[in-house]
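First comes the structure, then the notes that go with it.
In our numbering, the protein residues as written are 15 to 142.
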């Protein structure tokens, strides 16, 4: 939440990204602070999605070039390789192939196949 201060003359101030905004009451300032916090979180979320979408082709290229799925012997990723991460090859593959492709299609305004993509993400999340 953007910081709210009371000035010596009784006005309320929000100082956010180098811009001071003045308010007559604390309630008005707090309301604006909540709005700024919400908008900032939406900006951060939009940035995170954009960065992910930009990286998807790289993930898929590395996946294919290094033969992690189809490679023989030491090249192929196995469940044992991923054990310390608490995920399986099937879960990783579900992200790299169908999920990544469908997300790229969605962002490119192309038709997508319906599936339980939330389960794909849930299996790989590290924040919950």
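Positions of the beta carbon are idealized from the N, C-alpha and C atoms, including for glycine.
With distances taken from CA atoms, which of the options is nearest residue i?
i: residue 104; options: 90, 117 and 116; result: 90
i: residue 107; options: 100, 59 and 134; result: 134
i: residue 78; options: 66, 111, 54 and 101; result: 111
i: residue 127; options: 137, 116 and 121; result: 116
i: residue 64; options: 118, 139, 129 and 140; result: 118
i: residue 54; options: 81, 16 and 85; result: 16
i: residue 109; options: 131, 120 and 124; result: 131
In the DSSP output, what is residue i paired with across the bridge?
i: residue 35; result: 28
i: residue 20; result: 26
Report the CB separation of residue i from residue j in whole angstroms; it is logged as a contact under 8 Å.
i: residue 101; j: residue 138; result: 6 Å
i: residue 44; j: residue 35; result: Residue 44 to residue 35, Cβ: 12 Å. No contact.
Counting pairs of beta carbons, one from the region 56-72 and one from the region 86-101, are three or more of them closer than 8 Å? no
For the structure I just gave you, are there three or more beta carbon pairs, one from the region 19-35 and one from the region 45-65, closer than 8 Å? yes
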